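Following: one structure in structure tokens, then a few remarks.
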Amino acid sequence: MSRYAVIGAGPSGLAAARALTARGIDLDGYEASHGVGGLWDIANPRSTMYESAHLISSRTTTEFAEFPMRSTVDYPGHRALLQYFRQYSDHFGLTEVFRFGTTVTRLEPRDGGWDVTSEGPDGTQTRWYAGAVLANGTLAEPNIPTFSGEFSGELLHTRSYRSASQLSGARVLVVGGGNSGCDIAVDAVHHAASVDMSVRRGYHFVPRYLFGRPSDTLNQGRPLPPRLKQAIDSRVLRAFTGDPVRFGFPTPDHRIYESHPVVNTAVLGHIGQGDLRVRPDIERFDGQTVRFRDGSSDDYDLVLLATGYRLDYPFVDREHLQWRGAAPRLFLHIFPASFNGLFVMGMVEASGIGWQGRYEQAELLASYLDAVETDPARAARFRQRVVGAPWPDLTGGYRYLGLDRMAYYVNKDAYRGAVRREVRGLASAVV
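Counting in this note's numbering, the sequence shown runs from 2 upward without gaps.
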């Protein structure tokens, strides 16, 4: 039986390990940190977690279907989620398959498989595997924009933010109005001397609760056509939250769900109370003075960049993942068309896809690797279909913004439907 390497013990790595071991596929797991949990472990040196972080999707739409959370909280915090991943890993016997404190430094192709070089408690070692599953996450490498001029105060990315105590007494400018930016701005109003937010574009805001229920648990039946859903939901949200333009945000350049909505309406309340202000895009830095594109300016002690992250698989040359622009080009965001023995888990983003959607990715991978071992002809047919047929449309009819951070964004229903069809196809004797 072939053996595979799984790199990363966050939710996607655990999903991959669970699906592969359930099929009897041998693997070794590698995790640079001291335990499972990935970014949800705030003590993990690579974590981007902060003290106030909670799920922005609700528990029941996010959890693994075969292992529901024991918590009844709708939007658990990072400590509860770390406990959940530890319980999941222990329950399915995954903890013992990982080598913790072990960093993968290089992948090199050899003899139809991959040499995996790692550094850990036993020093530098290289082991050969039939393939490698890259599950090291999508939220670790900060996206740092370039600015004209130089800021002489403190300049941080949210990657380095842990607690609002870092902002105490400071005049703070948060750059970016996505979910993390709004979370941190809300943190800051209770500790900072003043808080402003600089935003380049408008956003759609979704409250955590609608009609007394977590908002993402509504409309869980058959998906509505995109334009109808956008029209209905926009009207409902406008009734609950008002027009964000009234609070100083620019008019969105996209319809709702064509970019990830902001699941934080507390920020609107703080703007309405005068606790923070919305400012335009930055034109340049001039010492501690920030000059904005509308001609206004102000002085700040700390600029916090809530500007997101970029994909990074630093241990393998890009040519092996067939990068195109900001992301690898992979069938269903998993398989390079070359079928070179590399597979990616978790490189998918969608409103409401949850960890179950990522587990379904892992089930498809496990089904393929099982076919490689037990029915090579069936595996070959799958590869031929991937190479020879048009790839499925994963947008669900939505026109996503053409931004780097949207390069691996999908519609959850279109994506999960496509993955499930391929799983059924691999399970069939005839394709």
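Heads up, the beta-carbon is just placed ideally off N, CA and C, and yes, glycines get one too.
What you are looking at is a predicted structure, and each value in this text was computed from that prediction instead of being measured.
Short Cβ contact (7 Å threshold) for residue i with residue j
i	j	result
Pro208	Phe250	no
Asp276	Val176	no
Ser1	Arg285	No statement about residue 1 is possible, as the shown extent of the chain runs from 2 to 432 and does not include it.
Ala415	Leu402	no
Pro146	His158	no
Lys413	Gly353	yes
Gly121	Thr106	no
Ala380	Ala372	yes
Ala33	Val117	no
Ser13	Gly355	no
Gly1	Gly138	Because the chain is modelled from 2 through 432, residue 1 falls outside the range shown and cannot be assessed.
Gly178	Val200	yes
His334	Val317	no
Ser1	Asp217	Past the edges of the chain, shown from 2 to 432, lies residue 1, and the structure says nothing about it.
Tyr258	Leu140	no
Gln231	Arg256	yes
Selected residue, minimal CA-CA separation from residue i, among the options
i	options	result
Ala294	Leu95, Asp300, Thr63, Pro281	For the record, residue 294 in the displayed sequence is Arg; it is not Ala. Ranking Leu95, Asp300, Thr63, Pro281 by Cα distance to Arg294 puts Pro281 first.
Asp376	Phe332, Asp394, Ser429	Ser429
Val98	Pro46, Glu155, Gly132, Leu15	Leu15
Leu312	Gln289, Leu306, Arg325	Arg325
Met407	Val388, Lys413, Ala351	Ala351
Tyr409	Ser368, Ala338, Leu331, Ala33	Leu331
Asn265	Arg359, Pro215, Gly296, Gln126	Pro215
Ala267	Met2, Ile57, Ala18, Tyr5	Ile57
Ser169	Asp184, Ser195, Leu157	Ser195
Arg278	Cys183, Pro227, Asp318	Cys183
Ala136	Ala372, Glu364, Ile185, Ala17	Ala17
Tyr31	Gln289, Gly9, Ile185, Arg319	Gly9
Leu365	Tyr5, Ser3, Arg4, Arg24	Arg24
Leu427	Asp234, Arg386, Arg4	Arg386
Tyr51	Gly288, Trp115, Phe86, Ser181	Ser181
Asp302	Asp287, Gly132, Thr62	Asp287
Asp123	Glu155, Trp129, Asp112, Phe101	Phe101
Ala186	Ala327, Ser339, Val304	Val304
Trp129	Asp27, Gln323, Leu322	Asp27
Leu156	Pro391, Pro329, Ala307	Ala307
Gly39	His79, Asp75, Pro391	His79
Arg436	Phe336, Ala390, Ala328, His321	A query on residue 436 cannot be resolved here, the shown segment of the chain reaching from 2 to 432 and no further.
Ser119	Val388, Asp29, Tyr85, Val237	Asp29
Exposure label - residue i; buried when at least 16 CB within 10 Å
i	result
Val173	buried
Ser298	exposed
Glu64	buried
Pro77	buried
Arg223	exposed
Pro226	exposed
Thr127	exposed
Ala378	exposed
Phe212	exposed
Asp405	exposed
His92	exposed
Ser368	buried
Arg359	buried
Thr125	exposed
Leu229	exposed
Pro329	buried
Ala54	buried
Gly397	buried
Ile283	buried
Beta-carbon contacts of residue i that lie in its chain and below 8 Å, excluding the five residues immediately before and after
i	result
Glu447	Only positions 2 to 432 of the chain appear in the structure, and residue 447 is not among them; the question remains open.
Gly94	Thr22
Gly132	Ser3, Tyr5, Ala6, Gly114, Trp115, Gly342, Leu343, Phe344, Leu370
Pro262	Tyr204, His205, Phe206, Val207, Ser352
Val237	Leu211
Ala20	Tyr360, Ala363, Glu364, Leu366, Ala367
Residues near residue i by beta carbon distance below 7 Å, same chain, minus five either side
i	result
Val431	Caution applies to Val431, whose pLDDT of 44 falls short of 50 and renders its modelled position unreliable; the model cannot decide the point.
Thr62	Asp217, Thr218, Gly353, Gly355
Phe340	Arg384
Asp75	Ser59, Arg60, Pro215
6 Å Cβ shell around residue i - same chain, five flanking residues per side excluded
i	result
Pro393	Ala419
Asp197	Leu174, Arg278, Arg280
Ala193	Leu168, Ala171, Val173
Tyr314	Leu135
Ser1	This structure leaves residue 1 out entirely; the chain is present only between 2 and 432.
Thr290	Ser298, Asp300
Gly203	Phe250, Pro251, Thr252, Pro253
Glu109	Asp116
Ile272	Phe248
Gly389	none
Any non-hydrogen atom of the ligand HEM closer than 6 Å to residue i Cβ
i	result
Ser199	Only the bare structure without any ligand can be found here, which leaves the ligand HEM out of the picture.
Evaluate the contact criterion for the region 150-162 versus the region 239-256: three or more CB pairs, one atom per stretch, below 8 Å. no
Should the region 29-45 be called in touch with the region 61-71, which here means at least 3 C-beta pairs below 8 Å? no
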